[in-house]
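Structure, as structure tokens:
Number of protein chains: 4
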Amino acid sequence: RVPELLALCEKVIDLSGDFRLTDPALYPLWYGYGHKREDLLKEAVYGLPELNRQEVAAARLVANPGCYPTSVLLALKPLLMAGANLVDLGDIIIDAKSGVSGAGRSPKLPFHYPECSENFKAYRVAAHQHTPEIEEQAGRLAGEKVTVNFTPHLVPMVRGILSTLYAKLKEPLAEEELLELYREHYRGEPFLRLHTPPGLPETRFVWGSNFCELALRVDRRNGRLILISVIDNLIKGAAGQAVQNMNIMQGWPETEGLL
Amino acid sequence: RVPELLALCEKVIDLSGDFRLTDPALYPLWYGYGHKREDLLKEAVYGLPELNRQEVAAARLVANPGCYPTSVLLALKPLLMAGANLVDLGDIIIDAKSGVSGAGRSPKLPFHYPECSENFKAYRVAAHQHTPEIEEQAGRLAGEKVTVNFTPHLVPMVRGILSTLYAKLKEPLAEEELLELYREHYRGEPFLRLHTPPGLPETRFVWGSNFCELALRVDRRNGRLILISVIDNLIKGAAGQAVQNMNIMQGWPETEGLL
Amino acid sequence: RVPELLALCEKVIDLSGDFRLTDPALYPLWYGYGHKREDLLKEAVYGLPELNRQEVAAARLVANPGCYPTSVLLALKPLLMAGANLVDLGDIIIDAKSGVSGAGRSPKLPFHYPECSENFKAYRVAAHQHTPEIEEQAGRLAGEKVTVNFTPHLVPMVRGILSTLYAKLKEPLAEEELLELYREHYRGEPFLRLHTPPGLPETRFVWGSNFCELALRVDRRNGRLILISVIDNLIKGAAGQAVQNMNIMQGWPETEGLL
Amino acid sequence: RVPELLALCEKVIDLSGDFRLTDPALYPLWYGYGHKREDLLKEAVYGLPELNRQEVAAARLVANPGCYPTSVLLALKPLLMAGANLVDLGDIIIDAKSGVSGAGRSPKLPFHYPECSENFKAYRVAAHQHTPEIEEQAGRLAGEKVTVNFTPHLVPMVRGILSTLYAKLKEPLAEEELLELYREHYRGEPFLRLHTPPGLPETRFVWGSNFCELALRVDRRNGRLILISVIDNLIKGAAGQAVQNMNIMQGWPETEGLL
Chain A
78 RVPELLALCE KVIDLSGDFR LTDPALYPLW YGYGHKREDL LKEAVYGLPE LNRQEVAAAR
138 LVANPGCYPT SVLLALKPLL MAGANLVDLG DIIIDAKSGV SGAGRSPKLP FHYPECSENF
198 KAYRVAAHQH TPEIEEQAGR LAGEKVTVNF TPHLVPMVRG ILSTLYAKLK EPLAEEELLE
258 LYREHYRGEP FLRLHTPPGL PETRFVWGSN FCELALRVDR RNGRLILISV IDNLIKGAAG
318 QAVQNMNIMQ GWPETEGLL
Chain B
78 RVPELLALCE KVIDLSGDFR LTDPALYPLW YGYGHKREDL LKEAVYGLPE LNRQEVAAAR
138 LVANPGCYPT SVLLALKPLL MAGANLVDLG DIIIDAKSGV SGAGRSPKLP FHYPECSENF
198 KAYRVAAHQH TPEIEEQAGR LAGEKVTVNF TPHLVPMVRG ILSTLYAKLK EPLAEEELLE
258 LYREHYRGEP FLRLHTPPGL PETRFVWGSN FCELALRVDR RNGRLILISV IDNLIKGAAG
318 QAVQNMNIMQ GWPETEGLL
Chain C
78 RVPELLALCE KVIDLSGDFR LTDPALYPLW YGYGHKREDL LKEAVYGLPE LNRQEVAAAR
138 LVANPGCYPT SVLLALKPLL MAGANLVDLG DIIIDAKSGV SGAGRSPKLP FHYPECSENF
198 KAYRVAAHQH TPEIEEQAGR LAGEKVTVNF TPHLVPMVRG ILSTLYAKLK EPLAEEELLE
258 LYREHYRGEP FLRLHTPPGL PETRFVWGSN FCELALRVDR RNGRLILISV IDNLIKGAAG
318 QAVQNMNIMQ GWPETEGLL
Chain D
78 RVPELLALCE KVIDLSGDFR LTDPALYPLW YGYGHKREDL LKEAVYGLPE LNRQEVAAAR
138 LVANPGCYPT SVLLALKPLL MAGANLVDLG DIIIDAKSGV SGAGRSPKLP FHYPECSENF
198 KAYRVAAHQH TPEIEEQAGR LAGEKVTVNF TPHLVPMVRG ILSTLYAKLK EPLAEEELLE
258 LYREHYRGEP FLRLHTPPGL PETRFVWGSN FCELALRVDR RNGRLILISV IDNLIKGAAG
318 QAVQNMNIMQ GWPETEGLL
């Protein structure tokens, strides 16, 4: 459908996973099908504005990011781009939790009300198709290979994603230094909010909004950095981000129509 | 399937609505199909043990009652059988509320988690197929025609039914007199509990249990009797009641296997 | 506090129940305290704009209505003002259901998450303090005494009220005639929506909004009119209605700041 | 109160945290008070039967474990006791999620229904008082110091804990080898169930039960072992485990009164 749409329209924003990965060899492994349009794959821009604002502005085909990768990459970006070797890039753990609307609108048994309510579970452990999307983009930001462990969970609520990330600091760094790094990095970003300790983001804080909220903690006992990131999977994780991309592609104010 | 099962087994308890109504003419009106086995319909016993314990004991085919009618008929029975004309039988209002498992296990859009959670609605207003089942059985208990208004609602919870009934007292009666009537009537019933004011039943009180809990109030300002009845729709409203019926049909202790 | 505020400000909108009733004698009966400022009680305007728009515009003290009465009175108004004797005014039954935020923000055991979730119950049966508020305003609209049965219930969800009302039609009236009456009556009202059968309102339809949505059904089998009304108890049932009143009192566009 | 109870009774099972830690110096750091009865602290047995069955049998004072540590230690035990150096003991990450009843029954704002429902959040990141309890017991099992990162989260559901643990394998080990290790280790344990891939535990599987259910996965891409553990925080995480301990202390069948 994307090729057909491109024949009809000037610009396309695709919300599926079809153009999110750069390496076509990853499609059979993670999506279970071979990619037939490597030319378009090469052309497609990964539509996370905080990473690729300029490329999005010039793009004909934008691949709107997955909901989990959005929450994860926004949490990692300042760290990965810091230049210095701040954390061990082969040892990043992502424990993500999503509301049920993340599974889409088609009624299926695992998302039937009586099956979901009052229940919590992990799924596709170490096998979720958002893993290579995170690794590709994180690697691009870091300028070297990044490997992650990614484990998604299902929360009995309609919407919202909270990702908890664990990274190993290479050198002891104070919480305040890292906070300052994040603050500087995201200065001026219209849809990012950083919590100052003891504040922590909660999914309801971004309900219906295009914001991503972040917090970080350093566990001085073992040199771990813990990052917490929340988005509304239906907004910043899907339709809202598509609107943000459209605004950029059309040269409109980036925040138009978004809360 | 019931005819086929009866050819194979001695006794059948049917949990569908196929044999709950006595009058075959009601099937086209409320279920949308004509009944093909009026002989079995005549033979079938309505399996609400508190109404028909002896008939169930002798039955070959038991029609396990609907979940709503179970909660409603147990609330009305002492009133309808009181002999005196206690309430206006043409003016009984039933406002019923059910958890989502009442809609069955097949995943459909209205019962998809994101559609149900944080939402409350009425459905099939004045058109639910449990209406004639209630009227037939209530009429049998009263010995005259009973008409009801029946409005079901969907509650964002997995299980439980609460029915609120409103009946017009023909003569002023004190709450305590009515309570005493109910107490006497249900003395010895293994699965009934009557709340004494200010107590009121809640659906969680019967979670996982075969009990029906009742309370009543008289609004002296306008002579209304208000009855409140709760059951677990999956137990007393379905499988538990089937077990109770099986126990009776087999001559086993009626409470066997039930909480 | 209201008297003190009136000394400080020109106009006050009170969200408590202190000035909602007209008859001071009702306060000891339903609120448990005697009213000390009958002068202000006389002056206060009942702030349901759809009933009292002009009086609100000129008021110094507006009593913002209760959440339940808002949902109920908007459902009844066209009926009560129809002039003809459409329904039996001594026989109106209101079965209301509210989300937990209706109980306020102070943490109390009945509203503790583990006590509310997966539970449904009735409370203050035939004894809720919103009863006289409904009766007074309904009586004023009808021009004669109105008596209601009012039974509130607690729904395991954060926000939303759905009220189901049952009234006895004095003459047989077709659903379509009544719908037309409602359509005409509410033509131009900015915050009312009427559902056309088979449509029915659900609480999520007004989530975060100042709208009241209505539907009606006639049960021809027994001449009952069934009305269904939903509002968001935090918006049209509280703060949103206060904003609507403020807009009217200030001469601003009535819908300003409201969805 | 424990000292007073010990004066009155032969045996005491304490469900608080007062006697869970071995090292009195940890109390000021994690609980904010100094311990006044180091003699009793020394005497107290940590009441996780799967770790200390014999000591519990002989104990006068049993410290019933915390809910989180129960879920975590049962997941780690076979690994820690394996003798070989299977995982990096300084690099264990625990991402735990609990239902709201884990916060106790006193109504407080963060556990008020409207604050919890449809929300997910982390809390006490790298600062929860169950951290030293896990480290002490894990260290005892391993025979050397164990350091963990422990981050708890609040799930909008009444009961259940799911802990996701991430450990770094020192040598590449196949999933099946580790599964076999767990199977052997827990053979005969009455309250443990191990899921075979692709099975994964969900909190509802242990609702109301004293069971702990486990699953494990190896992420071959980066040599991480992922463990998933579920319990009902009110049963195996509290009262049920106390009953299990009582059964052992009294010489009764260990499973008596438990599901």
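If you read the sequences in order, they're chains A, B, C and D. Here the first sequence is numbered in the working numbering, starting from 78 and rising by one per residue. Here the second sequence is numbered in the working numbering, starting from 78 and rising by one per residue. Here the third sequence is numbered in the working numbering, starting from 78 and rising by one per residue. Here the fourth sequence is numbered in the working numbering, starting from 78 and rising by one per residue. Don't be surprised by glycine CBs; every beta carbon is placed ideally from N, CA and C. Everything numeric in this text was worked out from a predicted model, so none of it was measured.
Buried or exposed: which applies to residue i, given that a residue is buried once 16 or more other Cβ atoms fall within 10 Å of its Cβ?
i: L85 (chain D); result: exposed
i: R297 (chain D); result: exposed
i: N196 (chain D); result: buried
i: K174 (chain C); result: buried
i: H167 (chain B); result: Rather than His, the amino acid found at residue 167 (chain B) in this sequence is Gly. G167 (chain B) is exposed by the Cβ-count criterion.
i: L156 (chain C); result: buried
i: R78 (chain C); result: exposed
i: E81 (chain A); result: exposed
i: K154 (chain B); result: buried
i: P229 (chain A); result: buried
i: E221 (chain D); result: exposed
Please say whether residue j and residue i have beta carbons closer to each other than 8 Å?
i: A215 (chain D); j: D165 (chain D); result: no
i: A180 (chain D); j: F188 (chain D); result: yes
i: E120 (chain D); j: L138 (chain D); result: yes
i: V235 (chain B); j: V177 (chain B); result: yes
i: L293 (chain B); j: L255 (chain B); result: yes
i: N129 (chain B); j: I171 (chain B); result: no
i: V307 (chain A); j: T280 (chain A); result: yes
i: E213 (chain D); j: D116 (chain D); result: no
i: R260 (chain B); j: L271 (chain B); result: yes
i: L98 (chain D); j: L291 (chain D); result: no
i: F96 (chain C); j: L125 (chain C); result: no
i: G285 (chain C); j: D309 (chain C); result: yes
i: V223 (chain C); j: I169 (chain C); result: yes
i: D91 (chain C); j: A140 (chain C); result: yes
i: C193 (chain A); j: Y190 (chain B); result: yes
i: E248 (chain A); j: V295 (chain A); result: no
i: L336 (chain B); j: N299 (chain B); result: no
If residue i and residue j are in contact, beta carbons under 8 Å, what's the gap, nearest whole angstrom?
i: L250 (chain D); j: L304 (chain D); result: Going by Cβ atoms, the distance from L250 (chain D) to L304 (chain D) rounds to 13 Å, so no, they are not a contact pair.
i: S148 (chain D); j: I238 (chain D); result: 5 Å
i: A159 (chain A); j: L258 (chain A); result: 6 Å
i: K185 (chain B); j: P184 (chain A); result: 5 Å
i: A134 (chain B); j: I325 (chain B); result: 5 Å
i: Q321 (chain A); j: E331 (chain A); result: 6 Å
i: V202 (chain A); j: L277 (chain D); result: 7 Å
Please give me, in chain order, every unbroken run of the alpha helix (DSSP H) with length at least 4 that falls completely inside the stretch 131-186 of chain B. DSSP runs (the alpha helix (DSSP H)) wholly in the stretch 131-186 of chain B: 144-157.
Report the residue ranges of all beta strand (DSSP E) runs contained in full by the stretch 260-322 of chain C; include only those spanning at least 3 residues, in chain order. Runs of the beta strand (DSSP E) inside the stretch 260-322 of chain C: 269-271, 289-296, 301-308.
Runs of beta strand (DSSP E) wholly within the stretch 214-257 of chain A (minimum 3 residues, chain order): DSSP runs (the beta strand (DSSP E)) wholly in the stretch 214-257 of chain A: 225-231, 238-245.
At 4 residues or longer, and completely inside the stretch 99-135 of chain C: list those alpha helix (DSSP H) runs for me, N to C. Those alpha helix (DSSP H) runs which fall completely within the stretch 99-135 of chain C and span 4+ residues are 103-107, 115-120, 126-135.
Specify whether the stretch 143-155 of chain A and the stretch 313-333 of chain A touch according to this definition: at least 3 beta carbon pairs, one from each stretch, less than 8 Å apart. With contact defined as three or more Cβ pairs closer than 8 Å, the stretch 143-155 of chain A and the stretch 313-333 of chain A are in contact.
Segment contact flag, the stretch 199-214 of chain C with the stretch 97-108 of chain C, C-beta cutoff 8 Å, min 3 pairs: Of all C-beta pairs linking the stretch 199-214 of chain C to the stretch 97-108 of chain C, three or more are shorter than 8 Å, placing the two stretches in contact.
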